[in-house]
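Engineer: In the working numbering, the protein residues as written are -2 to 401.
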DNA sequence: CGTCCACAGGAATGACGGGCGG
DNA sequence: CCGCCCGTCATTCCTGTGGACG
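(1) Spatial neighbours of residue 241 within its chain, please: C-beta separation below 7 Å, excluding the five flanking residues on both sides.
(2) When the Cα atoms are used, what is the spatial distance from residue 272 to residue 66?
(3) Taking the straight line between their C-alpha atoms, what separation do you get for residue 23 and residue 64?
(4) Just list the alpha helix (DSSP H) runs in the region 259 to 312, keeping only unbroken ones of 4 residues or longer that don't cross its boundaries, in chain order.
(5) What number of angstroms, rounded off, separates the C-alpha of residue 99 from the C-alpha of residue 150?
(6) Taking buried to mean at least 16 other C-beta atoms within 10 Å of its own C-beta, is residue 31 buried or exposed?
(7) Give the DSSP-derived three-state secondary structure of residue 382 in the structure shown.
(8) Report all residues from its chain with a CB closer than 8 Å to the CB of residue 291; omit the five preceding and five following residues, and keep chain order.
(9) Pair every Cβ in the region 73 to 92 with every Cβ in the region 49 to 56, then say whether three or more of these pairs are closer than 8 Å.
(10) Between residue 346 and residue 370, is the Cβ-Cβ spacing less than 8 Å?
(11) So, at 6 Å on beta carbons, what are the nonlocal neighbours of residue -1 in its own chain, with the 5 sequence-adjacent residues on each side left out?
(12) For the pair the region 200 to 212 and the region 75 to 86, tell me if three or more CB-CB distances fall below 8 Å.
(13) Is residue 173 closer than 8 Å to residue 137 when the C-beta atoms are compared?
(14) Quick check: what's the CA-CA separation for residue 131 versus residue 287?
(15) Could you tell me if residue 303 is buried or exposed, where buried requires 16 or more neighbouring beta carbons within 10 angstroms of its beta carbon?
(16) Under the assumption that residue 176 contacts residue 231 (Cβ atoms under 8 Å), give the Cβ distance between them as a whole number of angstroms.
(17) Runs of 4 residues minimum, wholly inside the region 339 to 369: which ones carry the alpha helix (DSSP H) assignment?
(18) According to DSSP, simplified to helix, strand and coil, what is residue 27?
(19) What are the boundary residues of the alpha helix (DSSP H) that residue 130 is part of?
(20) Cutting at 7 Å between CB atoms, please list the residues of its own chain near residue 108, excluding the five before and the five after it.
(21) In or out: residue 28 buried (at least 16 other Cβ within 10 Å) or exposed?
(22) Quick one: grab the DSSP three-state call for residue 113.
(23) Answer yes or no: do residue 42 and residue 71 have a C-beta to C-beta separation smaller than 8 Å?
(24) What does residue 177 pair with, by DSSP beta-bridge criteria?
(25) I'd like the ranges of any beta strand (DSSP E) spanning at least 3 consecutive residues and lying wholly in the region 183 to 253.
(26) Here's a check: name, in chain order, each residue in its chain whose Cβ is nearer than 6 Å to the Cβ of residue 205, leaving out the five neighbours to either side.
(27) Give me whichever residues DSSP pairs with residue 59 in a beta bridge.
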């Protein structure tokens, strides 16, 4: 989580471990030297960016792929190589900015970060955004640099602030005499492009690169590659990597998930003072991760969101129609002495749960008997119910035998 | 082959609270 | 510090829709 952990503490911890050599290798923000099964994407990205070496402006790039398909890793990897290459060849006109819009989610912050990558120093607050934009342009023109600006999780920025900034950034080249800007937008939201202004859409989507999910074999290669660096020799028992790979493959080929499983399994074994990691540890890691995820999600969910989720869990994790769900939801709300929200709102809540990945919905047409959504929980109902017992506004209802 | 079910989900609107610029 | 704006949660009203049934 935090990038500035205590070096001494960290080192001691690492040295005293019987399991890990370097657990950070398994963390999501680690960029490995080898990215198995992404050779095509790396090549494509390199080709598109290559003109920058001839001082030409590379096309804007839009990258789409589900979580854990290596989008960020590939981009960071390629950019790092470009920077190395530029340094070696003494090409000083190349500048790179990487920012994650989940964190940099205001116009001001994005612009100051971009300006900073050009060596411009700006206060973190105090200037108008127009002023920051002006200085950013001046810095570009003054240095004559070609900037590659990576906007990771770009959908967050657009959802919060709209596509105004993107529009201006895609147009900025025509206002510049010397500097150049190329954008790389990364997202895992399929519908992201649809919400964009058509002008931004065509400009950002000059080049599109789609990352497809990994299959189990590919995940296994990735895990093996990292495990060598992360774990001491012989720590992983037979089948551990295969099991992690197969779980993650089933859950839409998410490599981050696979690596998380492996790391948490290692931490469980370590915590218990064992010297090897077993398949059982992976199973427990999966439960632990799921529990954490549910707790995290339920913390951010609106109150009635929690209730809807609880209703699904109490029903064993599945509803064949949203109508049934709503009836049960009303009962629960009334049982709690809470005024239920409307069916329309519950419909949106279900969509939100779907987007968060905690529930999967599927539109079902039953002809004469109407159209509805089937709702399936992506988690162990009991784990979820347990998590909700901590919420004081809900927990007391479990005293009622009906809900036990 | 048209109807009509049981919802999906868009649009407009409002209450409320927090943050930000002046 | 105040007023304004914006995001979030929610309501009301609404139009759209795939296919089993008659």
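Backbone N, C-alpha and C define an ideal beta-carbon position, used for all residues, glycine too.
Structural biologist: According to the structure data:
(1) For the purposes of this step, residue 241 is taken as residue 244 along the first chain, with counting starting at 1. Correct list, in chain order: 220, 255, 258, 259 and 279.
(2) The residue you call residue 272 lines up with position 275 of the first chain. The residue you call residue 66 lines up with position 69 of the first chain. Taking the straight line from one Cα to the other gives about 31 Å.
(3) One-based indexing of the first chain puts residue 23 at position 26. One-based indexing of the first chain puts residue 64 at position 67. Taking the straight line from one Cα to the other gives about 16 Å.
(4) 276 to 297 and 300 to 311
(5) Translated into the one-based positions of the first chain, residue 99 becomes position 102. Translated into the one-based positions of the first chain, residue 150 becomes position 153. When rounded, the distance between both Cα atoms is 6 Å.
(6) One-based indexing of the first chain puts residue 31 at position 34. Its Cβ having fewer than 16 others within 10 Å, residue 31 is exposed.
(7) On the first chain, position 385 is the one that residue 382 refers to. Three-state result, residue 382: helix.
(8) Along the first chain, read from residue 1 onward, the residue named residue 291 stands at position 294. Closer than 8 Å at Cβ, skipping near neighbours: 355, 376, 380, 381 and 384.
(9) yes
(10) Within the first chain, numbered from 1, the residue matching residue 346 stands at position 349. Within the first chain, numbered from 1, the residue matching residue 370 stands at position 373. In this structure, residue 370 does not lie closer than 8 Å to residue 346 by Cβ.
(11) Counting from 1 along the first chain, the entry for residue -1 is found at position 2. Since pLDDT at residue -1 reaches only 45, below the 50 mark, its modelled position is unreliable, and the value read off the structure follows with that caveat. There are no such residues.
(12) no
(13) Reading the first chain from its first residue, position 140 is the one you call residue 137. Reading the first chain from its first residue, position 176 is the one you call residue 173. Residue 173 sits close to residue 137, with the two beta carbons spaced by under 8 Å.
(14) If you number the first chain from 1, residue 131 lands on position 134. If you number the first chain from 1, residue 287 lands on position 290. Roughly 46 Å separates the two Cα atoms.
(15) Mapped onto the first chain, residue 303 falls at position 306. Buried, because 16 or more other Cβ atoms sit within 10 Å of the Cβ of residue 303.
(16) Within the first chain, the letter at position 179 stands for residue 176. Within the first chain, the letter at position 234 stands for residue 231. The Cβ separation is near 54 Å, so there is no contact.
(17) 340 to 353
(18) As a working mapping, residue 27 is identified with position 30 in the first chain. Three-state result, residue 27: coil.
(19) As a first step, residue 130 is located in the first chain; it is residue number 133 there, counting from the start. For residue 130, the enclosing alpha helix (DSSP H) covers residues 126 to 140.
(20) What you label residue 108 is simply residue 111 of the first chain in a count that begins at 1. Contacts found: 126, 129, 130 and 133.
(21) Position 31 of the first chain, counting from 1, holds the residue named residue 28. Classification for residue 28: exposed.
(22) Position 116 of the first chain, counting from 1, holds the residue named residue 113. Three-state result, residue 113: helix.
(23) On the first chain, position 45 is the one that residue 42 refers to. On the first chain, position 74 is the one that residue 71 refers to. Cβ atoms of residue 42 and residue 71: closer than 8 Å.
(24) In the first chain, counting from the first residue as 1, residue 177 sits at position 180. Answer is 143, bridged to residue 177.
(25) 204 to 208
(26) Taking the first chain and counting its residues from 1, the one referred to as residue 205 is at position 208. For residue 205, where only same-chain residues beyond five positions count, the Cβ hits under 6 Å are 59.
(27) Within the first chain, residue 59 is the residue found at index 62, counting from 1. 182 and 205.
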